[in-house]
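Student:
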Amino acid sequence: ETGVTQTPRHLVMGMTNKKSLKCEQHLGHNAMYWYKQSAKKPLELMFVYNFKEQTENNSVPSRFSPECPNSSHLFLHLHTLQPEDSALYLCASSQDLVDLNTGELFFGEGSRLTVL
Amino acid sequence: SQQGEEDPQALSIQEGENATMNCSYKTSINNLQWYRQNSGRGLVHLILIRSNEREKHSGRLRVTLDTSKKSSSLLITASRAADTASYFCATDAGDYKLSFGAGTTVTVRA
Chain W
1 ETGVTQTPRH LVMGMTNKKS LKCEQHLGHN AMYWYKQSAK KPLELMFVYN
51 FKEQTENNSV PSRFSPECPN SSHLFLHLHT LQPEDSALYL CASSQDLVDL
101 NTGELFFGEG SRLTVL
Chain G
1001 SQQGEEDPQA LSIQEGENAT MNCSYKTSIN NLQWYRQNSG RGLVHLILIR
1051 SNEREKHSGR LRVTLDTSKK SSSLLITASR AADTASYFCA TDAGDYKLSF
1101 GAGTTVTVRA
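Those sequence lines, one after another, are chains W and G. Counted the way this note's numbering counts, the first sequence spans residues 1 to 116. Counted the way this note's numbering counts, the second sequence spans residues 1001 to 1110.
#1: According to the neighbour-count rule (16 or more other Cβ atoms, all chains shown, within 10 Å of its Cβ), is Gln1003 (chain G) buried or exposed?
#2: Start and end of the beta strand (DSSP E) containing Asn1031 (chain G)?
#3: Does DSSP put Lys1069 (chain G) in a helix, a strand or coil?
#4: Taking C-alpha atoms, which residue in G:Arg1080, G:Glu1053, G:Ala1110 and G:Arg1109 lies nearest to Gln1033 (chain G)?
#5: Starting from Asn1022 (chain G), follow the beta strand (DSSP E) in both directions and report where the run begins and ends.
#6: If we count the other Cβ atoms within 10 Å of its Cβ and call it buried at 16 or more, is Lys36 (chain W) buried or exposed?
#7: I'd like the list of long-range same chain contacts for Ala1081 (chain G), defined as Cβ closer than 7 Å, with 5 residues on each side in sequence excluded.
#8: Can you check whether the C-beta of Gly1059 (chain G) is within less than 8 Å of a C-beta belonging to chain W?
#9: Nearest by alpha-carbon distance to Pro8 (chain W): which of W:Val115, W:Leu105 and W:Glu109 is it?
#10: To the nearest whole angstrom, what separates the beta carbons of Thr999 (chain G) and Ser1079 (chain G), a pair I think is in contact under 8 Å?
Encoded structure:
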């Protein structure tokens, strides 16, 4: 248990569906992240939020829409996805943005997404 | 963008043996971190080494950093079945984000 909870753990959706992934951290951290992990590929940073403000959008297609209502919650809204979007989506948090020598990320267990 | 790149991609060893994996990166860094991921789970932080450090230990883990070669190594001594996992290096280049490699998959045979 890392203090970062992701739901759902597994999600199967059609290309025309709309769904959301949820992430909640109980660590009092200020920064939250979405990463995409595809098989045999490096983790791809998608979005970064610091104090609820988006600080990074790593050229992510608009069919992925993040939302950060407060420092403890992060959502990833999914709409008209493609089969190649199937992956493990990992949420992470850190005390502050990762620019410190003591910075480390705390990850959730991930949401396994399958797009049919 | 990818910064760290682990080598080898996969490693299979006998229980009790040591496992060594390497990470190479491209640009100057503030620090380098290693993470472990059990199958289908999230990543767990193992150890962080700063750019002005050359070696660091944590239990059965030993990490080295050679900034002149832009490389790091992770050594797991006296491996156990529970060490079976994927291991990732992540670099902080001072741009407020960690960049991860594709990982080394380690299998420890009983």
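In this text, a Cβ means the ideal position worked out from N, Cα and C, and glycines have one as well. On a predicted model such as this, the values are computed, not experimentally measured, just so you know.
Tutor: According to the data block:
#1: Along the second sequence, one-based indexing puts residue 1003 (chain G) at 3. Counting every other CB atom within 10 Å of its CB across the protein chains shown gives Gln1003 (chain G) a total of 16 or more, marking it as buried.
#2: Here residue 1031 (chain G) is taken as the residue at index 31 of the second sequence, counted from 1. From DSSP, the beta strand (DSSP E) with Asn1031 (chain G) extends over Asn1031 to Gln1037.
#3: As a working note, residue 1069 (chain G) is residue 69 in the second sequence. The answer is coil: DSSP assigns Lys1069 (chain G) none of H, G, I, E or B.
#4: Here residue 1033 (chain G) refers to the residue found at position 33 when the second sequence is read from its first residue. That would be G:Glu1053, whose Cα lies nearest to the Cα of Gln1033 (chain G).
#5: By 1-based counting over the second sequence, the position of residue 1022 (chain G) is 22. For Asn1022 (chain G), the enclosing beta strand (DSSP E) starts and ends at Ala1019 to Ser1024.
#6: Translated into positions along the first sequence, residue 36 (chain W) becomes position 36. Counting Cβ neighbours within 10 Å, Lys36 (chain W) comes out buried, since at least 16 surround it.
#7: Counted from its first residue, the second sequence places residue 1081 (chain G) at position 81. Cβ within range, chain order: Glu1015, Val1108 and Ala1110.
#8: Sequence index remark: in the second sequence, residue 1059 (chain G) carries index 59 (1-based). No, Gly1059 (chain G) does not count as interfacial toward chain W.
#9: Against the first sequence, residue 8 (chain W) aligns to sequence position 8. That would be W:Glu109, whose Cα lies nearest to the Cα of Pro8 (chain W).
#10: Nothing about residue 999 (chain G) can be read from this structure; chain G reaches only from 1001 to 1110.
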